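Numbering (the numbering used here), first residue to last: 56 to 438.
For every residue, glycine included, the Cβ atom is placed at its ideal position computed from N, Cα and C.
None of these values were measured; they are calculated from a predicted model.
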Amino acid sequence: MLYLDAAATAPLREAARDTMLKVLNAGPANASSVHTPGQNAKTVLNHARQQLATALGARESEVVFTSGGTEANNLVLKGVSVANPRGRHIVTTAIEHSSIRKTCQFLGKLAGFEITEVEVDQYGRVDESEVIAAIGNDTTIVSVGLANGEVGTVQSIDRIGQAAKAVGAVMHTDAVQAAASLPVSFDSKAWPGQYVDAMSIASHKFGGPQGAGALLIRDDIAFEPLLHGGGQENSRRSGTENLAAIAGFSTAVATILPTAGTRAQTMVAQRDAFISRILEEIPGARLTGHPTERVPNHASFVFERISGESILVDLDVMGVAASSGSACSAGKKEPSGILLAMGFEPDVATTALRFTFPDPLNDTDYNHLVDQTLSVLNRHGPQ
Numbered sequence: 056m057l058y059l060d061a062a063a064t065a066p067l068r069e070a071a072r073d074t075m076l077k078v079l080n081a082g083p084a085n086a087s088s089v090h091t092p093g094q095n096a097k098t099v100l101n102h103a104r105q106q107l108a109t110a111l112g113a114r115e116s117e118v119v120f121t122s123g124g125t126e127a128n129n130l131v132l133k134g135v136s137v138a139n140p141r142g143r144h145i146v147t148t149a150i151e152h153s154s155i156r157k158t159c160q161f162l163g164k165l166a167g168f169e170i171t172e173v174e175v176d177q178y179g180r181v182d183e184s185e186v187i188a189a190i191g192n193d194t195t196i197v198s199v200g201l202a203n204g205e206v207g208t209v210q211s212i213d214r215i216g217q218a219a220k221a222v223g224a225v226m227h228t229d230a231v232q233a234a235a236s237l238p239v240s241f242d243s244k245a246w247p248g249q250y251v252d253a254m255s256i257a258s259h260k261f262g263g264p265q266g267a268g269a270l271l272i273r274d275d276i277a278f279e280p281l282l283h284g285g286g287q288e289n290s291r292r293s294g295t296e297n298l299a300a301i302a303g304f305s306t307a308v309a310t311i312l313p314t315a316g317t318r319a320q321t322m323v324a325q326r327d328a329f330i331s332r333i334l335e336e337i338p339g340a341r342l343t344g345h346p347t348e349r350v351p352n353h354a355s356f357v358f359e360r361i362s363g364e365s366i367l368v369d370l371d372v373m374g375v376a377a378s379s380g381s382a383c384s385a386g387k388k389e390p391s392g393i394l395l396a397m398g399f400e401p402d403v404a405t406t407a408l409r410f411t412f413p414d415p416l417n418d419t420d421y422n423h424l425v426d427q428t429l430s431v432l433n434r435h436g437p438q
């Protein structure tokens, strides 16, 4: 099976698997225990934190391990909003991940926060000026995702971050879909670190195990933990750490980031060639997302009068695993809310098809992808 659904989850990398097995084979141990096995586990945990911090330009004290991107997003939005007395206003966009939008809805309904969702254009890009105009002296947190998982569009957040900081609001970016394929850094002197106070990432987008992630957050940002208990993660996320998953996570990040630039260049070339073939040879095919300002491994489309789900079934039979959009909403019959926010008609939004490359393909696999995709689309196309 040719796997083209890395935006949902990337294949587990061999180095991450090896690290996890080593941790699991070492025997039972809790990193909070004082005996030798516990201290050995603590050493593993500290190494993973240092490894992740180094790879992403963060301080070790700024790394809070979580169960994934969804928890990291909930943690920062709820935690900062509860702990910050300066106001009850949150600014975000209309195309954020469901863990952002639903958390904002929760805070609006149960805690009385005013939520401002800034609209996007036909490419899924938000106008920085419109977000800045929405930020006020009562704004607690601004959350704008670095890249959209459904259409691949990368946002420009530089001026937004500067405006948020100017009024004392916390600037957060959901970097789950961006960090594995873009030169993302939390370093205060690098992009986008100099503009953000908090950043969410997820293990399985890097080729680490599912069920692990992290919130990178500045030491001076006050927030209330979601989980109270034993005080793990410097009292910012209680609960016994998933040691094997965290170790595999940090290994995956450290493994792929040094070659991210080279991988990105190759995937951009393959992605663009693939997009060109689809648009040239399939009547009614339309690219979704920005044509150039998109993550390197992402190609997504809608089609006229073609069923996206039936295409996926046929592609699967032909040995190509793709998706219709976010894995968090897969299987739902409703059209994508992201595409609706971008101005697509509901009947068109239901035809979405997304291909996301875990790594550059060899020539044989790339040709197989093109041939099978064109064959399936031509069979399903308007007659």
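Can you tell me the Cβ-Cβ gap for residue i and residue j, rounded? I've got them flagged as a contact below 8 Å.
i    : j    : result
G268 : A127 : 5 Å
A70  : T306 : 5 Å
A189 : V146 : 5 Å
G207 : R349 : 4 Å
V323 : P351 : 5 Å
G200 : D229 : 4 Å
P413 : A110 : With 8 Å as the limit, P413 and A110 do not qualify as a contact, their Cβ atoms being about 18 Å apart.
V173 : E185 : 5 Å
I311 : A407 : So it is not a contact: roughly 27 Å between Cβ atoms.
Using C-beta distances below 8 Å, list every residue in its chain close to residue i, excluding the 5 sequence neighbours before and after it, in chain order.
i    : result
Q438 : Model confidence at Q438 stands at a pLDDT of 46, short of 50, so the residue's coordinates are unreliable; what they give is reported in the following sentence. No residues qualify anywhere along the chain.
L107 : A113, V118, A269, F304, S305, V308 and A309
A140 : According to the sequence shown, residue 140 is Pro rather than Ala. For P140, where only same-chain residues beyond five positions count, there are no Cβ hits under 8 Å.
From the DSSP output, in three-state form, read off residue i for me.
i    : result
A245 : coil
M254 : strand
D193 : coil
H435 : helix
G268 : strand
A377 : coil
T109 : helix
I145 : strand
F261 : coil
L10  : With the chain represented from 56 up to 438, any question about residue 10 goes unanswered, as that position is not in the structure.
E151 : coil
E172 : strand
V403 : helix
V372 : helix
S236 : coil
V186 : helix
V181 : strand
Which same chain residues, not among the five before or five after residue i, have their C-beta less than 7 Å away from its C-beta?
i    : result
V431 : I366, D369, L370 and M373
V425 : F329 and R332
L334 : A340 and L342
S211 : E183
A62  : G204, Q232, H353, R409 and T411
D242 : G112 and G248
G284 : S293 and G294
Got a sec: does the ligand HEM put a non-hydrogen atom nearer than 7 Å to the Cβ of residue i?
i    : result
A127 : The ligand HEM is not part of the structure shown, which contains no ligands of any sort.
For residue i, which option in the options has the closest C-alpha, if you only look at C-alpha atoms?
i    : options                   : result
F399 : D275, T98, G285 and G344  : G344
E296 : F120, R141 and R326       : F120
G363 : G82, G163, P401 and P351  : P401
K157 : G142, K133 and A84        : K133
Q232 : A324, I215, R141 and G124 : G124
Q265 : G339, Y58 and L67         : L67
R60  : S122, A96 and R409        : The residue you asked about is not Arg; residue 60 is Asp in the sequence shown. Per the Cα distances, R409.
S116 : R291, H144 and W246       : R291
A257 : K77, P415, S122 and T406  : S122
P338 : I361, A407, S154 and F168 : I361
Q287 : S88, G167, V186 and A63   : S88
I301 : V99, A245 and Q320        : V99
T428 : E389, A354, D414 and P390 : A354
K164 : Q177, H144, F261 and V181 : H144
D73  : G262, Y250 and A407       : G262
R104 : N289, V181, P140 and T171 : N289
T321 : Y421, E336 and I276       : Y421
P238 : M75, S154 and A319        : A319
A277 : A218, T91 and V225        : V225
A440 : P415, N80, E336 and V78   : Shown here, the chain extends from 56 to 438; a query on residue 440 therefore has no answer.
L79  : F168, L298, I272 and L162 : L298
Which residues share a DSSP beta bridge with residue i?
i    : result
T44  : With the chain covering 56 to 438 only, the question about residue 44 has no answer from this structure.
M226 : V197
V323 : Beta-bridge pairing links V323 to no other residue.
T121 : G268
V209 : A202
Note down, in chain order, each residue of its chain lying with its Cβ closer than 6 Å to the Cβ of residue i, except the 5 sequence neighbours on either side.
i    : result
I150 : V175, G179, N203, I393 and A396
V131 : H227, A253 and L270
R341 : V357
E279 : G134, V137 and A138
R214 : E183
G193 : The sequence given here has Asp at residue 193, not Gly. G142 and H144, listed in sequence order.
E169 : H144
M56  : G374 and A376
G93  : A84 and N85
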